[in-house]
Amino acid sequence: DDDLEAIAAAHYGAPRALAVAGTQAAIRMLPQVLPVGRIGIGLLTYGEYAPAFAAAGFTVERFVTEPFADRRDAADFLLAPGVPLPATLTHLVVVNPNNPGTESFDAATLLDWHRQLVSRGGGLIVDEAFVEATPHLSVASHIETDGLVVLRSVGKFYGLAGARAGFALAPAALDDSMRGLRGPWTVSGPARSVVRAALLDEPWQRSMRTQL
632 DDDLEAIAAA
642 HYGAPRALAV
652 AGTQAAIRML
662 PQVLPVGRIG
672 IGLLTYGEYA
682 PAFAAAGFTV
692 ERFVTEPFAD
702 RRDAADFLLA
712 PGVPLPATLT
722 HLVVVNPNNP
732 GTESFDAATL
742 LDWHRQLVSR
752 GGGLIVDEAF
762 VEATPHLSVA
772 SHIETDGLVV
782 LRSVGKFYGL
792 AGARAGFALA
802 PAALDDSMRG
812 LRGPWTVSGP
822 ARSVVRAALL
832 DEPWQRSMRT
842 QL
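Mapping to the numbering used here: the sequence shown position 14 is 645, numbers consecutive.
Right under this line is the structure:
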(Lines of atoms letter the chains of each structure in order from A and count residues from 1; the text may use other names and numbers.)
(Lines give C-alpha, C1' and ligand atoms only; values in the text may rest on other atoms or scores of the structure.)
Protein backbone atom coordinates (compact mmCIF):
# COMPACT_ATOMS: atom_id res chain seq x y z
CA ASP A 1 0.00 0.00 0.00
CA ASP A 2 2.80 2.45 -0.81
CA ASP A 3 2.32 5.33 -3.24
CA LEU A 4 4.63 4.01 -5.97
CA GLU A 5 1.96 3.71 -8.65
CA ALA A 6 0.60 7.20 -7.95
CA ILE A 7 4.14 8.61 -8.15
CA ALA A 8 4.75 6.78 -11.43
CA ALA A 9 1.47 8.03 -12.91
CA ALA A 10 2.33 11.61 -11.99
CA HIS A 11 5.87 11.25 -13.35
CA TYR A 12 4.65 9.88 -16.68
CA GLY A 13 1.73 12.29 -16.94
CA ALA A 14 -0.77 9.44 -17.02
CA PRO A 15 -4.00 8.90 -15.06
CA ARG A 16 -2.82 5.55 -13.68
CA ALA A 17 0.15 3.17 -13.65
CA LEU A 18 0.43 -0.55 -13.02
CA ALA A 19 3.68 -1.73 -11.45
CA VAL A 20 4.97 -4.94 -13.06
CA ALA A 21 8.12 -7.05 -12.86
CA GLY A 22 9.73 -5.25 -15.78
CA THR A 23 8.39 -4.72 -19.29
CA GLN A 24 8.82 -8.43 -19.96
CA ALA A 25 6.02 -9.25 -17.53
CA ALA A 26 3.67 -6.84 -19.33
CA ILE A 27 4.60 -8.31 -22.73
CA ARG A 28 3.48 -11.72 -21.48
CA MET A 29 0.18 -10.36 -20.13
CA LEU A 30 -0.91 -8.22 -23.08
CA PRO A 31 -1.75 -11.10 -25.48
CA GLN A 32 -4.14 -12.39 -22.81
CA VAL A 33 -6.13 -9.16 -22.52
CA LEU A 34 -6.23 -7.99 -26.16
CA PRO A 35 -8.53 -9.41 -28.86
CA VAL A 36 -6.69 -11.86 -31.09
CA GLY A 37 -5.87 -10.47 -34.53
CA ARG A 38 -3.02 -9.46 -36.82
CA ILE A 39 -0.26 -7.54 -35.07
CA GLY A 40 2.58 -5.55 -36.60
CA ILE A 41 5.97 -5.89 -34.87
CA GLY A 42 9.29 -4.48 -36.04
CA LEU A 43 11.73 -6.78 -37.79
CA LEU A 44 14.59 -4.98 -36.02
CA THR A 45 13.38 -4.39 -32.48
CA TYR A 46 13.16 -6.00 -29.03
CA GLY A 47 12.82 -9.70 -29.68
CA GLU A 48 10.28 -10.83 -27.08
CA TYR A 49 7.12 -9.31 -28.60
CA ALA A 50 6.81 -11.59 -31.62
CA PRO A 51 7.03 -14.95 -29.78
CA ALA A 52 4.69 -13.80 -26.99
CA PHE A 53 1.93 -12.78 -29.40
CA ALA A 54 2.48 -15.68 -31.78
CA ALA A 55 2.15 -18.16 -28.91
CA ALA A 56 -1.21 -16.60 -28.02
CA GLY A 57 -2.60 -17.11 -31.52
CA PHE A 58 -1.95 -13.68 -33.04
CA THR A 59 -0.77 -13.47 -36.64
CA VAL A 60 2.51 -11.53 -36.55
CA GLU A 61 3.41 -9.26 -39.45
CA ARG A 62 6.91 -7.79 -39.44
CA PHE A 63 7.68 -4.24 -40.53
CA VAL A 64 10.74 -2.14 -41.22
CA THR A 65 11.09 1.62 -40.87
CA GLU A 66 12.57 4.02 -43.40
CA PRO A 67 16.19 3.86 -42.09
CA PHE A 68 16.11 0.11 -42.81
CA ALA A 69 14.22 0.18 -46.13
CA ASP A 70 16.97 -1.99 -47.63
CA ARG A 71 15.53 -4.85 -45.54
CA ARG A 72 12.07 -4.38 -47.03
CA ASP A 73 12.23 -7.73 -48.82
CA ALA A 74 12.44 -9.50 -45.44
CA ALA A 75 9.44 -7.67 -43.97
CA ASP A 76 5.69 -7.59 -44.60
CA PHE A 77 5.31 -3.81 -44.74
CA LEU A 78 7.01 -0.44 -44.32
CA LEU A 79 6.03 1.63 -41.28
CA ALA A 80 6.34 5.33 -42.06
CA PRO A 81 4.50 8.56 -41.21
CA GLY A 82 1.73 9.32 -43.68
CA VAL A 83 1.67 5.78 -45.06
CA PRO A 84 -1.61 3.96 -44.27
CA LEU A 85 -1.26 0.83 -42.19
CA PRO A 86 -2.03 -2.48 -43.93
CA ALA A 87 -5.81 -2.88 -44.09
CA THR A 88 -5.73 -6.28 -42.36
CA LEU A 89 -3.71 -5.08 -39.35
CA THR A 90 -5.54 -4.75 -36.01
CA HIS A 91 -2.69 -4.16 -33.56
CA LEU A 92 0.73 -2.53 -33.75
CA VAL A 93 3.76 -2.54 -31.42
CA VAL A 94 6.09 0.44 -31.72
CA VAL A 95 9.25 0.74 -29.60
CA ASN A 96 9.79 4.50 -29.44
CA PRO A 97 12.69 5.31 -29.65
CA ASN A 98 13.56 1.92 -31.09
CA ASN A 99 16.14 -0.54 -29.85
CA PRO A 100 18.53 -1.06 -31.61
CA GLY A 101 17.76 1.26 -34.54
CA THR A 102 17.23 4.49 -32.52
CA GLU A 103 14.53 5.68 -34.97
CA SER A 104 11.61 7.48 -33.34
CA PHE A 105 8.14 8.82 -34.17
CA ASP A 106 6.40 11.92 -32.87
CA ALA A 107 3.19 11.73 -30.85
CA ALA A 108 1.00 12.93 -33.74
CA THR A 109 2.17 10.05 -35.94
CA LEU A 110 1.59 7.48 -33.21
CA LEU A 111 -1.88 8.80 -32.45
CA ASP A 112 -2.77 8.68 -36.15
CA TRP A 113 -1.84 4.98 -36.25
CA HIS A 114 -3.81 4.50 -33.04
CA ARG A 115 -6.93 6.00 -34.63
CA GLN A 116 -6.63 3.70 -37.63
CA LEU A 117 -6.31 0.60 -35.44
CA VAL A 118 -9.10 1.48 -33.01
CA SER A 119 -11.49 1.86 -35.95
CA ARG A 120 -10.76 -1.82 -36.68
CA GLY A 121 -11.33 -2.98 -33.11
CA GLY A 122 -7.62 -3.12 -32.27
CA GLY A 123 -5.06 -0.83 -30.75
CA LEU A 124 -1.51 0.46 -30.36
CA ILE A 125 1.18 -0.65 -27.91
CA VAL A 126 4.02 1.83 -27.45
CA ASP A 127 7.14 0.63 -25.65
CA GLU A 128 8.76 3.76 -24.23
CA ALA A 129 11.67 2.04 -22.47
CA PHE A 130 14.12 4.55 -23.96
CA VAL A 131 11.97 7.70 -24.01
CA GLU A 132 13.08 9.25 -20.70
CA ALA A 133 15.78 11.33 -22.40
CA THR A 134 13.26 12.67 -24.95
CA PRO A 135 9.98 12.89 -23.00
CA HIS A 136 8.29 15.03 -25.66
CA LEU A 137 7.90 11.84 -27.73
CA SER A 138 5.76 10.14 -25.08
CA VAL A 139 2.05 9.40 -25.58
CA ALA A 140 1.52 8.40 -21.93
CA SER A 141 -0.87 11.30 -21.35
CA HIS A 142 -3.27 9.84 -23.96
CA ILE A 143 -3.88 6.41 -22.43
CA GLU A 144 -7.47 7.14 -21.46
CA THR A 145 -8.39 6.59 -25.11
CA ASP A 146 -9.40 3.01 -25.87
CA GLY A 147 -6.80 0.75 -27.40
CA LEU A 148 -3.64 2.58 -26.31
CA VAL A 149 -1.11 0.90 -24.00
CA VAL A 150 2.23 2.44 -23.01
CA LEU A 151 5.03 0.49 -21.35
CA ARG A 152 7.71 2.25 -19.29
CA SER A 153 10.95 0.87 -17.90
CA VAL A 154 13.38 1.87 -15.16
CA GLY A 155 16.10 -0.40 -16.52
CA LYS A 156 17.57 1.93 -19.16
CA PHE A 157 17.59 5.60 -18.19
CA TYR A 158 17.82 4.87 -14.46
CA GLY A 159 20.17 1.90 -14.76
CA LEU A 160 17.90 -0.24 -12.57
CA ALA A 161 17.47 -3.34 -14.74
CA GLY A 162 18.23 -5.59 -11.77
CA ALA A 163 15.24 -4.20 -9.87
CA ARG A 164 12.92 -6.02 -12.31
CA ALA A 165 10.36 -3.23 -12.21
CA GLY A 166 8.43 -1.31 -14.82
CA PHE A 167 4.99 0.11 -15.49
CA ALA A 168 2.08 -0.55 -17.82
CA LEU A 169 -0.07 2.50 -18.57
CA ALA A 170 -3.47 1.57 -19.97
CA PRO A 171 -7.18 2.52 -20.08
CA ALA A 172 -9.15 1.55 -16.99
CA ALA A 173 -10.64 -1.68 -18.36
CA LEU A 174 -7.28 -3.01 -19.59
CA ASP A 175 -5.62 -1.91 -16.36
CA ASP A 176 -8.18 -3.93 -14.37
CA SER A 177 -7.61 -7.01 -16.53
CA MET A 178 -3.83 -6.79 -16.18
CA ARG A 179 -4.09 -6.30 -12.43
CA GLY A 180 -6.03 -9.54 -12.23
CA LEU A 181 -3.30 -11.37 -14.12
CA ARG A 182 -0.40 -9.75 -12.29
CA GLY A 183 -1.11 -11.25 -8.91
CA PRO A 184 0.38 -10.12 -5.56
CA TRP A 185 4.00 -9.36 -4.71
CA THR A 186 5.04 -8.80 -8.31
CA VAL A 187 7.65 -6.16 -7.47
CA SER A 188 9.69 -6.60 -4.28
CA GLY A 189 9.60 -4.11 -1.44
CA PRO A 190 13.27 -3.07 -1.82
CA ALA A 191 12.80 -2.58 -5.58
CA ARG A 192 9.70 -0.45 -5.01
CA SER A 193 11.63 1.74 -2.58
CA VAL A 194 14.52 2.28 -5.00
CA VAL A 195 12.25 2.96 -7.99
CA ARG A 196 10.19 5.39 -5.94
CA ALA A 197 13.34 7.34 -5.05
CA ALA A 198 14.47 7.39 -8.69
CA LEU A 199 11.14 8.70 -10.01
CA LEU A 200 11.08 11.48 -7.40
CA ASP A 201 14.66 12.64 -8.07
CA GLU A 202 13.87 15.32 -10.66
CA PRO A 203 17.26 17.14 -10.37
CA TRP A 204 19.08 13.90 -11.26
CA GLN A 205 16.69 13.32 -14.18
CA ARG A 206 17.31 16.80 -15.61
CA SER A 207 21.07 16.39 -15.25
CA MET A 208 21.07 12.96 -16.90
CA ARG A 209 18.96 14.16 -19.85
CA THR A 210 21.48 16.94 -20.44
CA GLN A 211 24.41 14.53 -20.13
CA LEU A 212 22.90 12.01 -22.53
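For each residue, glycine too, the CB sits at the ideal point set by N, CA and C.
Residue environment analysis places residue 632 among the exposed positions, since fewer than 16 neighbouring C-beta atoms fall within 10 angstroms of its C-beta. Here residue 831 carries a helix assignment [DSSP, helix/strand/coil]. Taking each of 756, 781 and 762 in turn and checking the Cα distance to residue 735, the smallest one comes out for 762.
Bounds of the beta strand (DSSP E) holding residue 696 are 690-696.
DSSP places residue 820 within a helical segment (H, G or I) once states are collapsed to three. Beyond the five residues adjoining it in sequence on each side, residue 719 comes within less than 6 Å, by CB distance, of 669 in the same chain, given in chain order. Taken through DSSP and simplified to helix, strand or coil, residue 720 comes out as coil. When the Cα atoms are used, residue 728 and residue 755 turn out to be separated by approximately 15 Å. At the C-beta level, residue 784 and residue 654 come within 9 Å of one another.
For residue 679, the number of other beta carbons within 10 angstroms of its own is below 16, and it is reported as exposed. For residue 717, the CB contacts under 6 Å within the same chain, skipping 5 residues up- and downstream, are 708 in chain order. Just so you know, the alpha carbons of residue 644 and residue 686 end up roughly 33 Å apart. Straight-line spacing of the CA atoms in residue 724 and residue 706 works out to 15 Å.
When the Cα atoms are used, residue 661 and residue 746 turn out to be separated by approximately 19 Å.
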